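Novice: Before we start, here is the structure in question, set down as structure tokens.
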Ligand SMILES: Nc1ncnc2c1ncn2[C@@H]1O[C@H](COP(=O)(O)OP(=O)(O)OP(=O)(O)O)[C@@H](O)[C@H]1O
Ligand SMILES: [Mg+2]
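Numbering (our numbering), first residue to last: 474 to 744.
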């Protein structure tokens, strides 16, 4: 039986798809057979970030409508074995997804995979609800700003009430906070909320802090999940987060202002 993880946020553009691609890749790198599903019907971004857009033939909606089977529709990653992508349709609207169809696809994938990562669209409407409904765990992606934190708080309310687990009275969806686009310098200047501010408001366990970094856009333009760029801070931060997701005890990094420049200057001054 696979574990189903939803990457969700409420607010748009906070880094959900970046996170879905990185986390799915990280799980597969650690030997877990993983599929990542793009629930953003109509937009279709995940295949770009995963670098497989030219290989899309059939999509999630085709599978739901039984126009293709999973074997025809899953795209196997060329870099990481055990990693598969189920792309979204670019042409249809969000209302094409329905609970029964999504449930059937997730059940079929469950037989074969260890992890199913569901990349949610923005908002709190149908698409986001479909992506979270079957989740066992949720990665709540939040930027250190008030509007993002407020939307994440609304998502936490939905995870506790509108999911299959909630409706069936099972154990609640396990929630993880992932703070992305974090810039310690701007936090120090008081321009952004700090890790402590956000964890205090949302009151869920911190899975990781991903620094703001130009490397992320560069990697996604190149169709490469940032976690594969293992010399970058953001890639390493995602790798730590995947370790924590699997229960490893790893110290948080990238949350303090880098002092290296200052010490280097001091050394120059002394010599
Ligand atoms: N840590 C980061 N540092 C810098 N830029 C980032 C970081 N994470 C994400 N971004 C950038 O933010 C933008 C939005 O990222 P992404 O598409 O992952 O967000 P999303 O939440 O999936 O958006 P949507 O709600 O539209 O689906 C992209 O341009 C991406 O490169
Ligand atoms: Mg997205």
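A virtual CB, placed ideally from N, CA and C, is assigned to each residue, including glycine.
Computed from a prediction, not measured in an experiment: that's the story for all the values here.
Kindly indicate the opening and closing residues of the beta strand (DSSP E) around residue 610.
Specialist: That run of the beta strand (DSSP E) goes 610-615.
Novice: Should residue 605 and residue 628 be called a contact, given that it needs their Cβ atoms to be closer than 9 Å?
Specialist: Their beta carbons are under 9 Å apart, which means residue 605 touches residue 628 by this criterion.
Novice: What do you get for residue 566, buried or exposed, if any count of 16 or more other CB atoms within 10 angstroms of its CB means buried?
Specialist: When all chains shown are included, residue 566 counts as exposed.
Novice: Flag this pair as yes or no: are the beta carbons of residue 675 and residue 650 separated by less than 9 Å?
Specialist: Yes. Within cutoff.
Novice: Between the stretch 493-509 and the stretch 684-704, do at least 3 Cβ pairs fall closer than 8 Å?
Specialist: With the cut-off at 8 Å, the stretch 493-509 and the stretch 684-704 touch.
Novice: Across which residues does DSSP place residue 647 in a beta bridge pair?
Specialist: Answer is 610, bridged to residue 647.
Novice: CB of residue 683 to nearest heavy atom of ligand 1: below 8 Å?
Specialist: Result yes, Cβ under 8 Å from ligand 1.
Novice: Relative to the C-alpha of residue 681, which residue among 656, 711, 661, 657 is closest?
Specialist: With distances taken between Cα atoms, residue 681 lies closest to 711.
Novice: Taking the DSSP output, what are the residues bridged to residue 478?
Specialist: DSSP lists 590, 610 as partners of residue 478.
Novice: Report, in whole angstroms, the separation of the C-beta atoms of residue 500 and residue 507, which I expect to be a contact under 8 Å.
Specialist: Right, their Cβ atoms sit about 4 Å apart.
Novice: Please report the distance separating the alpha-carbon of residue 576 from that of residue 621.
Specialist: Going by the C-alpha atoms only, they are around 29 Å apart.
Novice: May I ask whether a heavy atom of ligand 3 can be found less than 8 Å away from the beta carbon of residue 653?
Specialist: The ligand content of the structure shown is limited to ligand 1 and ligand 2, which means ligand 3 is not among them.
Novice: From residue 525 to residue 548, what distance separates their C-alpha atoms?
Specialist: Going by the C-alpha atoms only, they are around 8 Å apart.
Novice: Could you give the first and the last residue of the continuous alpha helix (DSSP H) run that contains residue 698?
Specialist: Here residue 698 belongs to no alpha helix (DSSP H), and DSSP marks it neither H nor E.
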